[in-house]
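Q: Structure provided below as structure tokens; questions to follow.
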Amino acid sequence: MRPAARAIILDDDDRILLVRFDFPEKEPVWATVGGGLEPGETHEQAVRRELLEEAGLEDVDLGAPVWRRTHVFELGVRWDGQDELYFLVRTTPFEPCPRHTWAQLNAEGVTAIRWWTPDEIEQSEELFAPRRLGELLQVLLREGPPAELLDVGM
241 MRPAARAIIL DDDDRILLVR FDFPEKEPVW ATVGGGLEPG ETHEQAVRRE
291 LLEEAGLEDV DLGAPVWRRT HVFELGVRWD GQDELYFLVR TTPFEPCPRH
341 TWAQLNAEGV TAIRWWTPDE IEQSEELFAP RRLGELLQVL LREGPPAELL
391 DVGM
């Protein structure tokens with residue numbers, strides 16, 4: 241499994257910033273900003289790097305991870321999936337301005353970035369990761385971060 245770090249970026253209006261991944265012969269999926277750890281990198285370092293590369297967001301306060309997701313899938317020869325830790329990031333509304341170019345993002349499968357409300361996610365026919373993202377967000381917003389790391393499933 242490839243270790244990965246992801247960010248649940250929520251603005252003051254409780255919208256979440258998601259990126260759309262399009263891979264050949266797979267259904268497009270909307271997911272949180274994040275990705276795999278580089279050699280020698282901690283989860284915290286990785287999520288900060290990904291926030292900058294994919295959203296242009298830096299100097300954020302990170303707490304402990306709130307969610308964990310193990311996702312099994314074919315990822316080339318080296319990995320058979322990802323073990324992801326999700327960090328909550330609260331921010332004021334901003335227009336995403338990735339540090340990576342769109343060519344770099346496209347090479348990683350990223351084709352779009354946008355803000356979503358939990359209701360939009362619940363009503364959408366798009367595919368999200370985790371699959372229960374709308375429901376999980378509603379609980380997170382209502383109850384706050386869990387006392388213990390929550391396994392969010394597929």
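Its first residue numbered 241, the sequence shown is counted upward by one per residue in the working numbering.
We treat Cβ as the ideally placed atom computed from N, Cα and C, and that holds for glycine.
Just so it is clear, the structure is predicted and the values come from calculations on it, not from any experiment.
Using the C-alpha atoms, what's the distance from L381 back to V259?
A: Using only the alpha carbons, I get a separation of about 20 Å.
Q: Note down, in chain order, each residue of its chain lying with its Cβ closer than 6 Å to the Cβ of E290, except the 5 sequence neighbours on either side.
A: Only V273, G274, G275 meet the Cβ criterion.
Q: Assuming R224 and V379 make a contact with CB atoms under 8 Å, what is their CB distance in whole Å?
A: The structure shown has nothing for residue 224, since the chain only spans 241 to 394.
Q: Please name the residue in R242, A271, P264 whose C-alpha comes closest to that of L367.
A: Of the listed residues, the one whose Cα sits closest to L367 is A271.
Q: Kindly indicate which three-state DSSP category P358 falls into: helix, strand or coil?
A: It is helical.
Q: P338 and A295 look like a contact to me (Cβ under 8 Å); what is the Cβ gap, rounded to whole Å?
A: Yes, P338 and A295 are in contact; Cβ-Cβ is about 6 Å, under 8 Å.
Q: Using only CA atoms, which one of V287, E335, L373 lies nearest to D301?
A: For D301, the nearest C-alpha among the options comes from V287.
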